[in-house]
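Take 70 as the starting number for the sequence shown in this note's numbering and just add one per residue.
Think of the CB as a built atom: it goes at the ideal place given N, C-alpha and C, for glycine as much as any other residue.
Notes follow once the structure below has been shown.
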Amino acid sequence: MSETVGQLLDATLDMVGALHGFVALGGSGQQAVQVQVGRGMWDSDLPLDLDELVRITGEPVVGGPGSAGEGLRHIVVPVQVDGEMVGSAGVVLAGGSPDGGPVDTEAEDRGVWEVVAGLKRFARLVAVAYAGANLLTTERAAREQEKALIRAGQALSSTLELRDVLHRILSELQKVVPYDTASVQELRGDQMVIVGGHGIDMEVFAGVGFSVEGDGVPNADVLRRAAPVIVPDILGDHPYHQFPHDAHEMSGVRGWLGVPLLFGNECIGMITLDTFAPDFYSDDHADVAMAFAAQAAIALQNARSFDRVQREVGERRRAEAELRRANEDLRVRMAEIEALQDDLRVQAERDALTGLYNRRYLIEVLPSEVKRSALSGRPLVLVMIDVDHFKGVNDTYGHSVGDEVLVALSSVLSRRTRQGDVACRYGGEEFVVVMPGVDAATGLDRAESWRRELASTPLGSTGEIRVTMSAGLAAAEPGDDAETLLRRADAAMYRAKQAGRDRVETARP
Numbered sequence: 070m071s072e073t074v075g076q077l078l079d080a081t082l083d084m085v086g087a088l089h090g091f092v093a094l095g096g097s098g099q100q101a102v103q104v105q106v107g108r109g110m111w112d113s114d115l116p117l118d119l120d121e122l123v124r125i126t127g128e129p130v131v132g133g134p135g136s137a138g139e140g141l142r143h144i145v146v147p148v149q150v151d152g153e154m155v156g157s158a159g160v161v162l163a164g165g166s167p168d169g170g171p172v173d174t175e176a177e178d179r180g181v182w183e184v185v186a187g188l189k190r191f192a193r194l195v196a197v198a199y200a201g202a203n204l205l206t207t208e209r210a211a212r213e214q215e216k217a218l219i220r221a222g223q224a225l226s227s228t229l230e231l232r233d234v235l236h237r238i239l240s241e242l243q244k245v246v247p248y249d250t251a252s253v254q255e256l257r258g259d260q261m262v263i264v265g266g267h268g269i270d271m272e273v274f275a276g277v278g279f280s281v282e283g284d285g286v287p288n289a290d291v292l293r294r295a296a297p298v299i300v301p302d303i304l305g306d307h308p309y310h311q312f313p314h315d316a317h318e319m320s321g322v323r324g325w326l327g328v329p330l331l332f333g334n335e336c337i338g339m340i341t342l343d344t345f346a347p348d349f350y351s352d353d354h355a356d357v358a359m360a361f362a363a364q365a366a367i368a369l370q371n372a373r374s375f376d377r378v379q380r381e382v383g384e385r386r387r388a389e390a391e392l393r394r395a396n397e398d399l400r401v402r403m404a405e406i407e408a409l410q411d412d413l414r415v416q417a418e419r420d421a422l423t424g425l426y427n428r429r430y431l432i433e434v435l436p437s438e439v440k441r442s443a444l445s446g447r448p449l450v451l452v453m454i455d456v457d458h459f460k461g462v463n464d465t466y467g468h469s470v471g472d473e474v475l476v477a478l479s480s481v482l483s484r485r486t487r488q489g490d491v492a493c494r495y496g497g498e499e500f501v502v503v504m505p506g507v508d509a510a511t512g513l514d515r516a517e518s519w520r521r522e523l524a525s526t527p528l529g530s531t532g533e534i535r536v537t538m539s540a541g542l543a544a545a546e547p548g549d550d551a552e553t554l555l556r557r558a559d560a561a562m563y564r565a566k567q568a569g570r571d572r573v574e575t576a577r578p
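The following block contains the structure:
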């Protein structure tokens, strides 16, 4: 770009008979191309005061004789792209009579304005070249941002360690929004607490909190607005007392950008970026950082979900396996960032111990299945299962063996049900299987096969334990709703218990 502008400037200087000239370009926006080219007296030191004056007025500036030195005058015109001021271009002309005689003022003025007209044409050519270069730069930057976002998204499914995920997201962010130090902070009560960082010692800063209450606190503004906050210069005038001048003079930090981590409509934390350069961050930087903040919000929410599973299950190894399955599911489904949030919904539908669907999911889907069966005329069977003497197993062998029994039954159901069947853990040692398109006789055969396979499965450390199951089968009848179908299957299961257990009973019409 500089070479092209230099060639255009040289041709224009030849055309107007000038030895000195310059072009200064630099529009607004994070990716705007910056170009400075000078010739003659402006080869190394551009007249930025003239550039600023033209940018302010938007009009050509024509200096009088002597304005650029003895016998010299300057002419500067604006460079605009689509009405936006992006720079200026100027030349220096010799003024007055070469032999010191009288000057034809009218002729000289006429010549000056001819130069102005020529310089305007030159400015239009420069504007075209600048617009093309700026478009190319913008497109290249957009591609880099997209690649960085994809890599940051991949980090979400590459490790279970929150700190590592956040570090990789911040590392990718730095490639498109430069900073010197950065942190990810989680909202905990009335504080933003550092949970991830880049360019800082996390052994020192992990767990450090910043208040989000009161005035003069930038973190509080980010939380209240749920929008980015930019502090152009920490050592300049700003309303934030949380930035004491003496401390930041020592650290070297000047510019600050904070963006919220939004999950749904809730602000759950923020990303902060520090730079040693004042007046650096712009709205464009904030927009890009918000895209990465969405990644960090998903990572943080995933970590919260992981902790919740740990508390509910109470066994770290099983919880980690569940989260690995969740992350594997994320890799498969992640066509875009929003798919990660869909996976959290899937997590809520599964039972942590058995991996089968849970009662909540059954309650959601069963009414639709019953209605679909009634409208289409296709059969529908529901089987309710209860492990026989389960309390005795727990009391005699301990809850770990009880869990082994539940996992064994869920394994049988997982292997022996079709795609489209709904197998779920209904609660405790009770399970429900919904089989669309299956009549009562076929459903009975399948339930009997589950019963036989479970009864023949050796359990316990030495395989000495055997368990059985009782089941009730109900086929959907005209007028049944989901609650009625469940109640009929439950009654049939109760009859199986009363009849001696280890059997399958069919519900009465």
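Taking all protein chains shown into account, do 16 or more other C-beta atoms lie within 10 angstroms of the C-beta of residue i, making it buried, or fewer, making it exposed?
i	result
Q370	buried
G152	exposed
G482	Contrary to the premise, residue 482 reads as Leu rather than Gly in this sequence. Buried: at least 16 other Cβ atoms inside 10 Å.
Q364	buried
N334	exposed
L88	exposed
P436	exposed
D114	exposed
H314	Here the model assigns H314 a pLDDT of 48, short of 50, so the residue's position is not dependable, and the following value carries that caveat. Exposed, since its Cβ has fewer than 16 Cβ neighbours within 10 Å.
D343	buried
R572	buried
F361	buried
L162	buried
R557	buried
P171	Residue confidence for P171 is low, a pLDDT of 40 falling below 50, so the modelled location carries little weight and cannot support an answer.
T126	exposed
H458	exposed
R487	exposed
E121	exposed
G305	exposed
P547	exposed
R577	exposed
L399	buried
D270	exposed
Since residue i and residue j should fall inside the 8 Å C-beta cutoff, what is the C-beta to C-beta distance between them, to a whole number of angstroms?
i	j	result
V181	V123	Contact doesn't hold; Cβ gap of about 16 Å is too wide.
L94	G159	Rounded, the Cβ-Cβ distance is 13 Å, inconsistent with contact.
L297	M359	Looking at the sequence itself, residue 297 is Pro, so the reference to Leu does not match. Between M359 and P297 the Cβ distance is about 7 Å, and since that is below 8 Å, they are a contact.
A565	G541	6 Å
S479	L425	5 Å
V148	G156	4 Å
V92	V195	6 Å
V462	V382	19 Å between Cβ atoms; not a contact.
L78	G90	5 Å
Would the beta-carbon of residue i fall within 9 Å of that of residue j?
i	j	result
V184	T250	no
L188	P129	yes
E498	V474	yes
I299	D233	no
P448	A551	no
M562	S539	yes
A368	I263	no
L256	G327	no
G266	V253	yes
V491	L555	no
G496	R570	no
G324	A295	no
V378	E391	yes
Based on DSSP bridge pairs, tell me the residues matched to residue i.
i	result
S157	A93, P147
I454	F500, A540
N427	R494
E255	V262, G338
H354	Note: H354 sits in no beta bridge, so no partner.
E575	First, the amino acid is wrong: residue 575 is Thr here, not Glu. Its beta-bridge partners are L542.
V181	V181 pairs with nothing; no bridge assigned.
D343	T250, W325
L141	A163
V104	L94
Q379	Its beta-bridge partners do not exist; DSSP assigns none.
I299	L326
V130	V145
L528	I534
R419	Y426
Counting only C-beta atoms, is residue i closer than 9 Å to chain D at any point?
i	result
V281	In the structure shown, chain D cannot be found, because there is only a single protein chain.
Is residue i a contact residue of the ligand NAP, with contact defined as CB to any heavy atom under 8 Å?
i	result
V195	This structure lacks the ligand NAP, and indeed carries no ligand of any kind.
- [ ] Determine contact between the stretch 461-475 and the stretch 523-530, defined as no fewer than three beta-carbon pairs at a distance below 8 Å.
- [x] Flag = yes, the stretch 461-475 and the stretch 523-530 touch.
- [ ] Check whether the stretch 503-522 touches the stretch 443-456, counting contact only when three or more Cβ pairs, one atom from each stretch, lie closer than 8 Å.
- [x] The stretch 503-522, when compared against the stretch 443-456, does touch it at the 8 Å Cβ threshold.
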